[in-house]
Amino acid sequence: MLQIMEGSHAVAEAVKLCRPDVIAAYPITPQTHIVERLADMVADGELDSEYICVESEFSALSACLGASAAGSRVYSATSSQGLLLMAEVCFNVAGMRQPVVMSIANRAVGAPLSIWNDQQDSISLRDAGWFQWYAEDAQEISDFHFLAYKVAEDNNVLLPGFICFDGFILSHTYEPVDIPDQESVSAFLPPYHPVIQLDATDPMTMGMYATPDYYMEFRYEIDKAMTQSAIALRKAGSEFKEHFGRDYGELIEEYRLSDADFAFVALGSVCGTIKDAVDEMRKDGKKVGLLKIRSYRPFPAEEIKKALSGIPLVAIIEKNLSIGSRMKGAVGLEVKDAINDSGVCVYSYIIGLGGRDIRKLHIRGVYEEAMKGNGDTFYGLREELL
Amino acid sequence: MLQIMEGSHAVAEAVKLCRPDVIAAYPITPQTHIVERLADMVADGELDSEYICVESEFSALSACLGASAAGSRVYSATSSQGLLLMAEVCFNVAGMRQPVVMSIANRAVGAPLSIWNDQQDSISLRDAGWFQWYAEDAQEISDFHFLAYKVAEDNNVLLPGFICFDGFILSHTYEPVDIPDQESVSAFLPPYHPVIQLDATDPMTMGMYATPDYYMEFRYEIDKAMTQSAIALRKAGSEFKEHFGRDYGELIEEYRLSDADFAFVALGSVCGTIKDAVDEMRKDGKKVGLLKIRSYRPFPAEEIKKALSGIPLVAIIEKNLSIGSRMKGAVGLEVKDAINDSGVCVYSYIIGLGGRDIRKLHIRGVYEEAMKGNGDTFYGLREELL
Amino acid sequence: MPLNIGCSARPGKSQENKTGSWRVFKPDFHYDLCTSCGTCQMICPEGCINLIDDKFTPDYTFCKGCGLCAEQCPADAISMKKEEK
Amino acid sequence: MPLNIGCSARPGKSQENKTGSWRVFKPDFHYDLCTSCGTCQMICPEGCINLIDDKFTPDYTFCKGCGLCAEQCPADAISMKKEEK
Amino acid sequence: MRELRIHGRGGQGSVTAAELIAVAAFKSQVFSQAFPAFGVERRGAPVQAFVRFSDSKIRLRSQVYEPDYVIIQDSTLIKDVPVFAGMKEGGIAIINSEKEIDFSVPKGVRLIVIDATKIALEILGIPITNTTLLGAFAAASGEIQLDALEEALGERFRGNLGVTNIRAAKTAYDLIKGAN
Amino acid sequence: MRELRIHGRGGQGSVTAAELIAVAAFKSQVFSQAFPAFGVERRGAPVQAFVRFSDSKIRLRSQVYEPDYVIIQDSTLIKDVPVFAGMKEGGIAIINSEKEIDFSVPKGVRLIVIDATKIALEILGIPITNTTLLGAFAAASGEIQLDALEEALGERFRGNLGVTNIRAAKTAYDLIKGAN
Amino acid sequence: MADKSLELFDAGHRACGGCGPALAARLILKGCGPHTIVTVSTGCMEVFSTPYPETAWKVPLIHSLFENASAVASGIEASLKKQGRNEHVICICGDGATFDIGMLCISGAFERGHNITYICYDNEAYMNTGIQRSGATPYDASTTTSPAGRQSFGNSRPKKDLPSILAAHGAPYVATCSVAYPNDIIKKVERAVNTEGPCYIQVHAPCCTGWGFDGKKTMAVGKLAIETGLWVNFELVNGSVEKAKKIKRRPVEDYLQEQKRFRHLFKPNRNDAEIAKIQAIADVNALKYGIDI
Amino acid sequence: MADKSLELFDAGHRACGGCGPALAARLILKGCGPHTIVTVSTGCMEVFSTPYPETAWKVPLIHSLFENASAVASGIEASLKKQGRNEHVICICGDGATFDIGMLCISGAFERGHNITYICYDNEAYMNTGIQRSGATPYDASTTTSPAGRQSFGNSRPKKDLPSILAAHGAPYVATCSVAYPNDIIKKVERAVNTEGPCYIQVHAPCCTGWGFDGKKTMAVGKLAIETGLWVNFELVNGSVEKAKKIKRRPVEDYLQEQKRFRHLFKPNRNDAEIAKIQAIADVNALKYGIDI
Ligand SMILES: Cc1ncc(C[n+]2csc(CCOP(=O)(O)OP(=O)(O)O)c2C)c(N)n1
Ligand SMILES: Cc1ncc(C[n+]2csc(CCOP(=O)(O)OP(=O)(O)O)c2C)c(N)n1
Ligand code: SF4
Ligand code: SF4
Ligand code: SF4
Ligand code: SF4
Ligand code: SF4
Ligand code: SF4
Ligand SMILES: [Mg+2]
Ligand SMILES: [Mg+2]
């Protein structure tokens, strides 16, 4: 049913419909409204989950790991500092192949401390073995949760995943969102049946260490599972369409790209602003378009290559910064690799860090800079501070 | 004086010569021999440092931050899980612009747990704002420490840095190394004079938070400082040559590249093995060479582009894996970006993860694969396990 | 005004934030009742009550009008009034 | 033999590691002295002393020869001898 | 697309007001989006919130810089905050104030002054003016239907609180409608 | 470049032996490199260590697969560990054993059996054979000078421990030299 | 003796009017004086007093993370030792930073025996992030992560006994105090910073916003906590109770009724069973510290 | 009652001969029985018993990280609760994982009151990484990070009192025991797993390699610790000492002399002053737990 609600509450509603057995999360702005709402649901008996009020993010994800290993569907959510604090556990959960789903209300990382949005937190965990999907609006956030459990728990995948959405910009915004009913969700997402499990009636040891004779093959298996997750997502996406009408068959979304000679590439909520800007610029006669990356991990290189083929100028709108990298943005490097064509000019623009607002005029500004040949740079700095 | 000693002890000797006021580190294989040796020096009164026996890596780096902010030169060392555990602090220290120097005895990260070498740990922290240098042998490890403090404490830099070297392979190997005397080191590396400092006679607040009005500019400043560190390193490197004769004027090292039509690119100790393999292959008439990346952060894109110019086939020997990335290796993406020429074929090879030994024959094998057009893949998997 | 390195600052700037504008109620000091006990000064969370010419005087530039001083004054020498701006 | 997912395993495989080969000294049981108190079985860190036909019998496939059983036997019924291999 | 900016102080319910307007707009078959100016402000400090209205799906995610409407919950803000900044010509500014003083508003902006505090005190018994001002906004802007607003209020506030808040909104609505 | 592999058990000092050889080689003006087979082995479990010798800087970082020399600290290992694996023709294998039994070694490999335990027990009073075997290695291989080895031992072990270890090494050296 | 008139915490900070922790900061600084270096954790205190570039602190202060103030302080102390400097090193951290996420660094710092004073301003929940439960949240208090609801009476766990935990770490001096008794805070802080070794002080700091009362009642609510025995001001010297204020106790509901976080115990219906449990907590406190007159 | 003959820990593990912790593992499993799920921390125990694919564990076991076994156990317990399952959930962790780096997760798990039993096998240093100091290392023990040297007598801090710390967390049952008394371990573990709420057991587990004695002496050294009063086997029920074994004490040097880690107290010269300090620690223990006959 189409309802209007805060993005965080859309998350909470979606999580509730996924029926996690155990929830363990630690509050951090801007993720808080999610866990608060879930706590309310539990307190009111609307949601029959064990809610563990942990003392830190480190324990949050560790507890999720334990519960998952014991056979439960689990859920967590965090942001920024919290994600960094659990970095070691993140790598661990992926290596242990537990299908944990975690919502990330994206936020900048310190120092300096900032509670505001960019995507440095999840991007910094890009090696960790979690799939990472970025939502543009509340609808995607909500829908991604159903898809995430489906994909994570797929026997060919068995990997954990982040559902990323821009903190405040999406988490704290009221907007219309279609929340399905329990029956349809249950039909789409059956209960979790673990492949490996802690069980006294059938003992096994989990999380052993691997000598040089075995380690590399285990890492290979994780990478393979990640590749499999793309297939699983496409499959789940088309199944989702059958159930709910909305289409998530692709890991990317193309917006007015087919005839474009300039493409923006972006992740998350800024795609909405870019779409509006693209429409405006089209009216001005500029043949621009947008490639939205939904799945950053696995990185859909083939699709991106295809979608951008023939477009000579590409501007990546990056809400992250890999300090000391030439290109500066982490996404740009991979887009460039995907295109693999030096005829194409791929520029990375670091923008909107730490909650710096991104307006349509900035999108247009990026276009101007790219046309002038200025790229791989910050955009929108206050010169007077430098 | 040229001496023979274990790599870890070469680190300890170098650290001692740098005269850190405060050392805080937590043991983890294969870093342990470093801190044990430093503990010995302190226990025997050879080293006049405050040695804090912390309860975790999280506190190790946090204590270093505090001591550095109070005006001390500080030192830490870690590996793998320890580095991941302090990930949040790493980002913090860089943002707070404290010139902390930390040795990383590179080790794989779990799960599965592995105490053996690859470079996943430091590579995973590539966004954190620390410079990252990779040593090929004990001599480089030792020398890098003098350079690191010099560069980190440069007023145009004021950033922390990792000195990375392959765990066990370098840390546990006895080999000859020239350890300078205290007088020469002191002449090269004067005492630390902090620019900002906690001091009751001149109070200031450090580590404030930044609203969207300021945050992005602070991040820009860090990135700029990182760029400056390359300049500072070149300067320090030539000064170092004057003092000690060894040359670290460049962020890369070229080995038989000038006439090569095939280049390996690598970081760390495997470069030694590659050099031997290159010599062998040269004897077989293959015009191969090696580009060794000393500084991965800042990434010396210009230098790499120049060094590889005209070489049509490049194979990156990667001891890391960015799970779900098309190219798989993190270094390859940046090399490809640096070259920026689709005429050049850049292949990434994931090899030697979790201590899988890398032999000359594997280097030759990589060459064969590249010649066959197979790239961006694992090399050396035990097929029978898959 | 370039940035201070590492997001640091020296004391002083806090006073640029005139929290007096937040005030909805205003403490009125009745010095005829005041016993100069100093309680108000000690407990004002803004630290904005100063002893000026032997009188405990709120600094309205910062006083948020929380009413704590009025509530705690043992002599009932402070009353809160709706702010007029 | 493909890998088990997540580096996991079921019990049993430990026994493939025959730690008996580590042994330098070997416990010799003198059943004439043994009082069947069971101490040795309880305290062997390898858990490799079994009650077989009413006799406490070390499993030399795993016994590391640590000597703990001999040291602790209250009846001095176990002696350690250099291993002959 | 039309845009609204609400100015208030921490604790005065500006964010709630924005949310309620968005809900009411949604119930009035208008696409809407509401969000706060994300900050760390404590009780008493100036805050803002925004609402967008549109006939199609709203994709834009930036803050509001050129509002069609402005609601000012507390006239003391005017001194310290540029409450009228960027207002469009033809826009409407609604100010809660006891006095009918003449705030100097940008050219072409219609100014509505309402003593919402008095209404709130009378009906709710507390000087929380957000719901009252919603009524005024509904009347002045026409972006939301009164019954949709009432429904939104009824859902948000249970029991008697709902009844009184609806009454407060309606009172202001009628007042402004009457004044029109 | 020549390569040595040492087999032993955790606690028998194989890694120390490798290090001492490398030090002695260094003192003998030979470039050397010593390192253990990195593992998690506990006391009693089989372990390995390696040494390389060269006339130029050693850059190679892989383990040793085709050794010129092998030292086996404990003959009980032979049953469980492929101690002779990869040995080069013309190589030398030194085994600590009480008995002069004929170990079947690869073709072209010279076998030296020495009762190092006896020597160690006699001179050091404990069955730690690593230093004794070093003497044998020096004599058999010629890679390191006896005086360099003695210097290395003297630096590593202080006081009387140094004296006795040197004596043990020298005894083995003389024994093997005499046998040659 | 502390110069109580010295003002080391600037006006202009952004705390709510009537903020207990803001008052605590002022009083703490009066206790330790200007020759002090402070580390703070992420939380209300840090957020209302250090938005760049507006610091309210006139003593040197460093903020690093939410959970590591005590480790940062350890490093500072070591550095000062090496430099031969002798500033007091204190941590000022929220209860979340202290009872929960900071326990690793705190336990480590206390075990190592650094000469630091760790002060927790205890407003009994994570206020900065919107009133979530912490280990310091009292039994039955409703917070956003321990909400009262149809199947919940609020926080279901008793307040963690951190003073005892840190005394068990061997802290030579542990004390509790309250913003309701300003001179007591100053005195105890002064004693702590002048005691060699790691000391701990826990300051009850009512938070009008988080607990749900009017800002003018901050001191009154704090006093009620003590008068009902739900908070006890005591000193533990080398692990033994040295002093605890004697009082004539009032029933706990006098305290509970003042605050929205306990409203569900009275509305829609009075919950005598739960109130009795809270009364029992006060009774145990009274017995343990011998505060009844 | 525990079936003591059931063997749940397989031979073939890679511990040193005579390893105290390996023995502890066997005995612990006898105490809790097969209806148990174990979490272990990184350390000797994990390394000698779980190299892929050779596990020594016949009960379900999970290893995640060095520092989070108690948090993982929290999750398992919650999951079992939700599933209506009732296996015992126990943690078996080294002293480093427990006293030091695990304190965050432990403190949190105990505060939340999970129904788990946390067992520390205390070999008094980080053995897996090569004998570095932990918070459990006794005073003056030489380790690789607290080496005896020209300016040091070894570890300069007293052993952290974790049983008291966890009792102060409200643990209903806290006990210490030693591999030197196998039946006592089994009994206490059995009691703990059958006590509702978070329980803590600390098993003294001499490590021949790390302490420097011959593997055959593992039990003897453990007994000496108790006979000298440097280790006390006691039970704390709801915070109060319920039982502590009475002994006729021997001088501490009988224990110290057996171990290389204390050798510097006797060689080259006997250090009476330091030995007296250690004797004082035993004396305080004896007083605190009333163990003297
Ligand atoms: C690792 C990490 N997790 C979560 C947060 C979010 N966070 C910031 S402050 C805070 C709560 C602070 O609570 P407390 O310490 O009690 O201080 P208060 O705000 O109540 O004064 C939280 C959860 C963070 N900054 N870092
Ligand atoms: C975060 C992290 N830091 C350090 C290590 C390295 N490490 C592994 S085990 C260990 C020591 C274990 O000590 P303890 O818990 O006492 O167990 P023991 O080995 O003594 O049995 C250390 C330091 C690690 N695995 N992870
Ligand atoms: S509290 Fe009242 S009596 Fe005391 S100084 Fe202030 S105004 Fe005067
Ligand atoms: S009303 Fe509050 S802020 Fe104003 S002076 Fe009184 S105590 Fe201070
Ligand atoms: S300990 Fe000795 S007496 Fe007891 S059963 Fe074993 S062999 Fe027999
Ligand atoms: S010698 Fe050791 S391993 Fe062998 S049976 Fe006896 S106790 Fe067990
Ligand atoms: S929320 Fe509470 S602690 Fe935070 S500033 Fe407001 S009153 Fe103070
Ligand atoms: S080092 Fe100690 S704890 Fe580790 S396996 Fe050996 S005896 Fe056991
Ligand atoms: Mg708090
Ligand atoms: Mg240990």
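Residue numbers (the numbering used here), protein chains in the order written: chain A, 2 to 387; chain B, 2 to 387; chain C, 40 to 124; chain D, 40 to 124; chain E, 6 to 185; chain F, 6 to 185; chain G, 1110 to 1402; chain H, 1110 to 1402.
Glycine included, each C-beta is placed from N, C-alpha and C at the ideal position.
H:P1307 versus H:V1198: straight-line alpha-carbon distance, rounded: Counting from one through the eighth sequence, the residue named residue 1307 of chain H turns up at place 198. Counting from one through the eighth sequence, the residue named residue 1198 of chain H turns up at place 89. Roughly 10 Å between the two C-alpha positions.
Does the Cβ of C:C105 lie closer than 6 Å to at least one heavy atom of ligand 3? Position 66 of the third sequence, counting from 1, holds the residue named residue 105 of chain C. Not so, every heavy atom of ligand 3 lies at least 6 Å from the Cβ.
So what's G:L1070 in DSSP terms, helix, strand or just coil? Residue 1070 of chain G is absent from the model: chain G starts at 1110 and stops at 1402.
With a 10 Å radius around its C-beta and 16 neighbouring C-beta atoms as the bar for buried, classify E:P87 as buried or exposed. Locating residue 87 of chain E in the fifth sequence gives position 82, counting from the first residue. So E:P87 ends up on the exposed side.
Name the chain F residues whose beta carbon is nearer than 9 Å to that of H:C1125? Here residue 1125 of chain H corresponds to residue number 16 of the eighth sequence, with the count starting at 1. In chain order: G15, G16, R47, R48, G49, A50.
Please identify, using Cβ separations under 8 Å, the residues of the stretch 1205–1216 of chain G that lie next to chain B, in order along the chain. The residues in question are L1213, C1214, S1216.
Okay, do the stretch 1282–1297 of chain G and the stretch 1327–1335 of chain G touch, 3+ Cβ pairs below 8 Å being the bar? Verdict: yes, contact present.
Give the single residue among A:N93, A:A139, A:W117 whose Cα lies nearest to the Cα of A:W131. On the first sequence, residue 131 of chain A is found 130 positions in, with the first residue counted as 1. Cα-wise, what sits closest to A:W131 is A:N93.
Any heavy atom of ligand 4 closer than 6 Å to the beta-carbon of G:E1155? Walking along the seventh sequence from the start, residue 1155 of chain G turns up at place 46. G:E1155: no, Cβ never under 6 Å from ligand 4.
For ligand 8, is there any heavy atom lying closer than 6 Å to the beta carbon of H:G1203? Taking the first residue of the eighth sequence as position 1, residue 1203 of chain H is located at position 94. Outside the cutoff, so no.
Closer than 8 Å is the cut-off here; do at least three beta carbon pairs connect the stretch 95–111 of chain A with the stretch 1176–1184 of chain H? no
Mind checking whether E:I99 and E:A141 have CB atoms under 7 Å apart? In the fifth sequence, the residue the question calls residue 99 of chain E occupies position 94. In the fifth sequence, the residue the question calls residue 141 of chain E occupies position 136. Closer than 7 Å, so yes.
Checking contacts by CB at 7 Å: is H:D1363 closer than that to chain D? The count along the eighth sequence starts at 1 and reaches residue 1363 of chain H at position 254. Chain D contact via Cβ: absent.
Helix, strand or coil: how does DSSP classify B:E184 here? Translated into the one-based positions of the second sequence, residue 184 of chain B becomes position 183. It is helical.
Which residue's Cα is closest to the Cα of F:A90: F:I131, F:Q17, F:V75, F:E103? Here residue 90 of chain F refers to the residue found at position 85 when the sixth sequence is read from its first residue. Checking every option, the nearest Cα to that of F:A90 belongs to F:V75.
Start and end of the beta strand (DSSP E) containing E:R14? Looking up residue 14 of chain E in the fifth sequence gives position 9. Counting along the chain, the beta strand (DSSP E) containing E:R14 begins and ends at 7–14.
Residues of chain H with CB closer than 7 Å to the CB of B:T174, please, in chain order. The sequence position of residue 174 of chain B within the second sequence is 173, counting from 1. Those do not exist, as B:T174 stays about 17 Å from chain H at its closest Cβ, beyond 7 Å.
Counting contacts by CB-CB distance shorter than 7 Å, is A:D358 in contact with chain G? Within the first sequence, the letter at position 357 stands for residue 358 of chain A. No, no contact with chain G.
Residue ranges of each beta strand (DSSP E) run of no fewer than 3 residues wholly in the stretch 254–317 of chain A, ordered along the chain? 263–267, 289–294, 296–298
Return helix, strand or coil for C:K121, following the three-state DSSP convention. On the third sequence, position 82 is the one that residue 121 of chain C refers to. The answer is strand: DSSP assigns C:K121 an E or B state.
Near ligand 4: C:E85 beta-carbon under 6 Å from a heavy atom: For the purposes of this step, residue 85 of chain C is identified with residue 46 of the third sequence, where counting begins at 1. Flag set: Cβ of C:E85 near ligand 4.
Please report whether the beta-carbon of G:V1149 lies at a distance below 7 Å from any beta-carbon of chain E. Along the seventh sequence, read from residue 1 onward, the residue named residue 1149 of chain G stands at position 40. Contact with chain E is absent for G:V1149, since none of that chain's Cβ atoms lies less than 7 Å from the residue's Cβ.
Spatial neighbours of B:A188 in its chain, beta-carbon cut-off 8 Å, leaving aside the 5 residues before and after: Against the second sequence, residue 188 of chain B aligns to sequence position 187. The residues are H244.
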